[in-house]
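>
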Amino acid sequence: ISASINLTQINSNVSSYFVNNVSIPFKSKFSWFYYKKYTIISNVVEGQKPNYLNSLTLVLHISNDRNFDWFRNSLKNWEGPISVGIYMSDNKIISLETECIICVLKNHIKDRKMFLFILFLKINLIFQMIK
137 ISASINLTQI NSNVSSYFVN NVSIPFKSKF SWFYYKKYTI ISNVVEGQKP NYLNSLTLVL
197 HISNDRNFDW FRNSLKNWEG PISVGIYMSD NKIISLETEC IICVLKNHIK DRKMFLFILF
257 LKINLIFQMI K
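Quick note: the sequence shown uses this note's numbering, first residue 137, plus one each step.
1. Just to confirm the assignment: which complete beta strand (DSSP E) runs, minimum length 3, are found wholly within the region 212-245?
2. For Leu192 versus Gly216, is the C-beta distance shorter than 7 Å?
3. Along the beta strand (DSSP E) that carries Phe169, what are the first and last residues, could you check?
4. For Gln264 and Met224, what's the separation of their Cα atoms in angstroms?
5. Could you compute how far the alpha carbon of Val86 sits from the alpha carbon of Val180?
6. Going by beta carbon distance, what residues of the same chain come within less than 8 Å of Asn260, once the five residues before and after it are set aside?
7. Quick one: residues in its chain with C-beta nearer than 7 Å to the C-beta of Lys173, no 5 flanking neighbours on either side, listed in chain order?
8. Which two residues bound the contiguous beta strand (DSSP E) that contains Asn260?
9. Sort Asn200, Tyr171 and Asn190 by Cα distance to Ser231 and report the nearest one.
10. Locate the beta strand (DSSP E) running through Ser191, then write down its first and last residues.
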């Protein structure tokens, strides 16, 4: 996917803080790719890679319009690597929904009982294909 942001992907209601500070990584640090009819932004949150030979990874998926309490519980109860795929109901990458999801994730992540395990967390956002 092109590193430049297509204006059709930006919702005009997004805060200027988000556009100036959070959208920049969308252009440079995150991995973008297409899979079938989806656009995936990989590594929205990514820690260090665990030793996969000696660990079991918890893989979770959810839609952004669901309650995220389960996510907090998973972070508290699982001490190994976690990979999360979040299906975004809005197909605008830079949107209020995306901003809210990132804020919710940050709040849940900072509450994780053993901060060391955050090193083994990976979160991907999944959008309907954006052309």
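We treat Cβ as the ideally placed atom computed from N, Cα and C, and that holds for glycine.
Put simply:
1. 218-223
2. yes
3. Ser167 to Tyr171
4. 8 Å
5. Given a span of 137 to 267 for the chain in the structure shown, any question on residue 86 remains unanswerable.
6. Ile176, Ile177, Ser178, Asn179, Val180, Ser219, Val220, Gly221 and Ile222
7. Gln264 and Met265
8. Leu257 to Gln264
9. Asn200
10. Neither: Ser191 is in no beta strand (DSSP E) and is coded neither H nor E.
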